[in-house]
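Below is one structure; the comments refer to it alone.
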Ligand SMILES: Cc1cc2nc3c(=O)[nH]c(=O)nc-3n(C[C@H](O)[C@H](O)[C@H](O)COP(=O)(O)O)c2cc1C
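In our numbering, the protein residues as written are 209 to 394.
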């Protein structure tokens, strides 16, 4: 197996991080990997907000959980009612990926950028977790205020967030893959 394939296979979500900040050169390499993702019509309709301000992350954590506590989904309500849960797992860096709403396929393009960053981080020994829960913060009454604080450009909407940092716990093995998800027509 080559290094790229090994990196893809070895990536696992990290949910416990060391407090040490990610080196700037590594962070820049991860961002570049995201910026080099494919995009429909090469629109590159993304914007990355790199957050290393722990007070702001605490605010987003609280805002997301507040919305989640009243969600229709019972699992979401339970998770967000857990006082111990920090949705970003206290990662030293979080990247919020926003997409240009008028682009052709902004969510797909932004998801490609996220995955590139997850793989790039793994290649550098940096742990990541894709944080869908973060988007709850942008569904509540403080959504506009958070967008302003994150300096998300006009016409863009936050779609995804990624926690990043050095891993506190070594990676576990991959959950089993679902079967019968590929067929061949030859
Ligand atoms: C769109 C998306 C949203 C996710 N949101 C969360 C999240 O909010 N919190 C979390 O701990 N993991 C989240 N994950 C990570 C998944 O739980 C994880 O990828 C899955 O369990 C498979 O584990 P692996 O990443 O270690 O292979 C998310 C993953 C994706 C793709």
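The C-beta atom is built at its ideal place from N, Cα and C for all residues, glycine as well.
- Looking at the DSSP output, residue 306 sits in a beta bridge with 255 and 366.
- At least one heavy atom of ligand 1 lies less than 7 angstroms from the C-beta of residue 382.
- Apart from the 5 residues on each side of it in sequence, residue 253 sits with its Cβ closer than 7 angstroms to the Cβ of 247, 307, 308, 311, 314 and 317 in its chain, given in chain order.
- Not one heavy atom of ligand 1 sits closer than 7 angstroms to the Cβ of residue 386.
- Segment contact: the segment 380-388 against the segment 329-336, fewer than three CB-CB distances shorter than 8 angstroms; contact not assigned.
- When distances are taken from the beta-carbon of residue 254 to the heavy atoms of ligand 1, even the shortest one reaches 7 angstroms or more.
- Ligand 1 never approaches residue 356 closely enough for any of its heavy atoms to be under 7 angstroms from the residue's Cβ.
- Counted as a single uninterrupted DSSP element, the beta strand (DSSP E) harbouring residue 335 occupies residues 334-338.
- Rounded to the nearest whole angstrom, the CA to CA distance from residue 296 to residue 394 is 45 angstroms.
- For residue 389, the three-state secondary structure derived from DSSP is coil.
- For the segment 214-253, the full-length alpha helix (DSSP H) segments reaching 4 residues or more read 232-243 along the chain.
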